[in-house]
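Report on the structure given below.
Residue numbers (this note's numbering): 1147 to 1468.
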């Protein structure tokens, strides 16, 4: 059944694949269908190789029944700035996943969605100059993964209302606005494979006074830290409020205890998290070809129980991943 012959008054989901071979008239027809059929979930797969401009009707991202919007890019060539404006009054979930981009760095997004609750932004590199989130007071959770320096500067100041954050960013590209506080943040997940990732952790601990759950994750197959000098970890000047009053759960998946800086992070949190109820370290089995790591791991496993923990009721757990 073709899309034009579909007579249902409401389309739950519409998935469009758009390339630079598509003519504007067809995009206009699809946009009209999305609006008149009250689409609730719209997914766009975009692949522009030649730089030919494709015009999207403004109504495509602004009609009042849209609740979920997914924008996916496999390849994008910028000649002139491509500016997406998202202003749907009922949008709750927004996912932006970028791919390879080429050309001028003058494209980006303006997101003005007071109803937004769930945000995911991944792989905004190259031609993306900005991602402005102007109004998201209802934001519950956000995943920000591998965005460029210029993009993350315009994203992070908009996440203050989030209750849960997942960050996979390079701290070498981050300079948070002075005085920015995540008053609502209770759960933080951070990936630890970027060089000097602990500097971002320090910023987040200092800026999240009500944080209750902290999860650190080192991806199993990727590490940007190898063979790179990250410098020394500088502990917070004073113990962050979240460690004194709120942090109850600490989970670290695949800690790299070859590095002294990462051991310092583990010791610091255990020594200063006064309300901590459970600290879990999830470790991978050591492969025979990496037995050199065994001594370092054994040394740290012996040291952890000896750390004088701020919380006398904390349950310290070390388990192997499955």
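The C-beta atom is built at its ideal place from N, Cα and C for all residues, glycine as well.
Item, Value
"Cβ-based burial, residue 1447 [other Cβ within 10 Å; buried from 16]", "exposed"
"Three-state secondary structure (DSSP) of residue 1390", "helix"
"For residue 1423 and residue 1354, the rounded distance between their alpha carbons", "19 Å"
"Burial state of residue 1337, where buried means 16 or more other Cβ atoms lie within 10 Å", "buried"
"Beta-carbon contacts of residue 1291 that lie in its chain and below 6 Å, excluding the five residues immediately before and after", "1268 and 1314"
"Buried versus exposed, by CB contacts within 10 Å (16 or more), residue 1415", "buried"
"CA-to-CA distance, residue 1277 to residue 1258, given in whole angstroms", "11 Å"
"Residue 1335 (DSSP reduced to helix, strand or coil)", "strand"
"DSSP state of residue 1211 mapped onto helix, strand, coil", "coil"
"Own chain partners of residue 1454 with C-beta closer than 7 Å, once the 5 adjacent residues on each side are dropped", "1417"
"6 Å Cβ shell around residue 1461 - same chain, five flanking residues per side excluded", "1424"
"Residue environment, residue 1283, which counts as buried when at least 16 other CB atoms sit within 10 Å", "exposed"
"Range of the contiguous beta strand (DSSP E) that encloses residue 1314", "1310 to 1314"
"Sequence-distant residues of the same chain with beta carbon closer than 7 Å to residue 1392, five excluded per side", "1356, 1357, 1358 and 1421"
"Closest Cα partner of residue 1192 within the set 1400, 1217 and 1254", "1217"
"Identity of the residue in 1450, 1230 and 1345 nearest residue 1316 by Cα", "1345"
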